[in-house]
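Every position in the sequence shown, counted from 1, becomes a number in my numbering once 223 is added.
For every residue, glycine included, the Cβ atom is placed at its ideal position computed from N, Cα and C.
Quick caveat, the model's predicted, so the values are computed rather than measured.
Before any comments, here is the structure.
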Amino acid sequence: MVEGVTMNQPPRERATERVAVVTGGSRGIGRAVSRKLGRQGLAVVVSYAGDDAAAEKTVAEIVAAGGRAIGVKADVADENAVSALFDRAEREFGGVDAVVNAAGRLALSPIADLDLAVLDAVHRTNIRGTFVVAQQAARRLRPGGSFVAFSTSVVGTQFPGYGAYVASKGAVESITLILARELRGRDITVNTVAPGPTATDLFLDGKTPEQIDQLATAVPLERLGTPEDIAEVVAFLTSPEGHWVNGQILRANGGLV
224 MVEGVTMNQP PRERATERVA VVTGGSRGIG RAVSRKLGRQ GLAVVVSYAG
274 DDAAAEKTVA EIVAAGGRAI GVKADVADEN AVSALFDRAE REFGGVDAVV
324 NAAGRLALSP IADLDLAVLD AVHRTNIRGT FVVAQQAARR LRPGGSFVAF
374 STSVVGTQFP GYGAYVASKG AVESITLILA RELRGRDITV NTVAPGPTAT
424 DLFLDGKTPE QIDQLATAVP LERLGTPEDI AEVVAFLTSP EGHWVNGQIL
474 RANGGLV
């Protein structure tokens with residue numbers, strides 16, 4: 224079942240308005256992406272898993288800044304819910320031009336100690352969810368459109384404790400160029416952004432101040448990234464100016480190796 228949270232909207236604009244669907248769009252990096260794309264003039268469908276208040280706040284911020292947005296609740300791993308999400312985007316705004324799959328789940332544990340039910344939950348959201356959203360993006364994006372998935376720079380750094388998460392994000396990276404090639408001739412780009420340490424609730428949860436400081440100083444810029452840093456990268460990839468970038472994994476991490 225898909226539920227919507229709709230704020231009062233300005234009058235409907237011309238059919239050529241660009242439209243973005245952002246999953247995980249009410250919190251963290253997804254929220255920053257939703258707000259950034261709204262400021263760039265895209266109508267934004269803020270998809271979220273369960274926090275109605277956060278979605279309402281994000282939609283309200285976009286509308287207050289002069290943009291258009293709606294919130295739609297959907298489980299990214301449920302193909303029926305995601306299909307209904309795209310139906311709603313098309314009904315409300317006429318089509319879809321950018322899809323950003325920022326929904327994700329993180330669980331930290333040594334591989335030897337990991338509860339396999341937790342592994343299944345991580346992979347359901349991060350692998351199946353990405354695949355389900357990518358399917359709808361491939362079917363629905365208009366010419367000139369873009370699909371952006373999310374990985375993590377830990378695929379490269381290989382930090383202990385991230386086994387389940389990195390396994391899931393490695394899968395996301397592996398399908399990026401395949402999907403780009405499958406969409407040959409459609410004028411649609413497919414890329415994956417792999418953030419480094421970024422100050423979100425998802426990243427900070429369960430870490431001590433010492434661990435956070437250690438990760439921040441490991442970056443040559445000597446700070447954590449912000450959700451807005453990552454949103455700028457996504458905004459470029461979904462813009463006409465970024466349309467020549469295709470099939471790539473972008474490590475947006477301040478120089479973290």
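List the whole-angstrom C-beta distance separating residue i from residue j, where the pair is believed to meet the contact cut-off of C-beta under 8 angstroms.
i    : j    : result
V442 : G419 : 6 angstroms
R473 : V416 : Here the sequence assigns Leu to residue 473, which means Arg is not the residue at that position. Contact holds; Cβ gap of about 5 angstroms.
L260 : T461 : 7 angstroms
I411 : F370 : 7 angstroms
What residues are listed by DSSP as bridge partners for residue i?
i    : result
L364 : V319
I285 : According to DSSP, which records beta bridges pairwise, I285 is partnered with nothing at all.
P418 : A475
T412 : S369
G448 : T421
N324 : T246
Residue i: buried (16+ other C-beta within 10 angstroms of its C-beta) or exposed?
i    : result
D338 : exposed
N414 : buried
G352 : buried
T431 : exposed
Q359 : buried
G273 : exposed
G248 : buried
V228 : Any reading at V228 must be qualified, since the residue scores a pLDDT of 48, below 50, and its modelled position is unreliable; no value is offered.
R407 : exposed
D298 : buried
E464 : exposed
G289 : exposed
V269 : buried
I401 : exposed
S257 : buried
N303 : exposed
T239 : exposed
E236 : Low per-residue confidence applies at E236: pLDDT is 42, beneath 50, and the placement is therefore not dependable, though the value from the model is reported in the following sentence. So E236 counts as exposed.
Using alpha carbons as the reference points, say which of the options lies closest to residue i.
i    : options                   : result
G478 : L427, G318, Q471 and G379 : G379
Y385 : L329, P366, T423 and G251 : L329
A283 : E433, A297, V371 and A266 : A266
D452 : T246, G368 and I252       : I252
Q381 : F373, A287, K392 and N324 : K392
A340 : A292, A387 and E302       : A387
G194 : L342, A304, L364 and L444 : The requested residue 194 is not part of the displayed model; the chain covers only 224 to 480.
R311 : T440, A243, V345 and A255 : A243
V245 : A454, V468, A439 and N476 : A454
For the segment 241–292, which segments carrying the alpha helix (DSSP H) assignment without a break, of at least 4 residues, lie completely within its bounds, in sequence order?
-> 251–262 and 275–287
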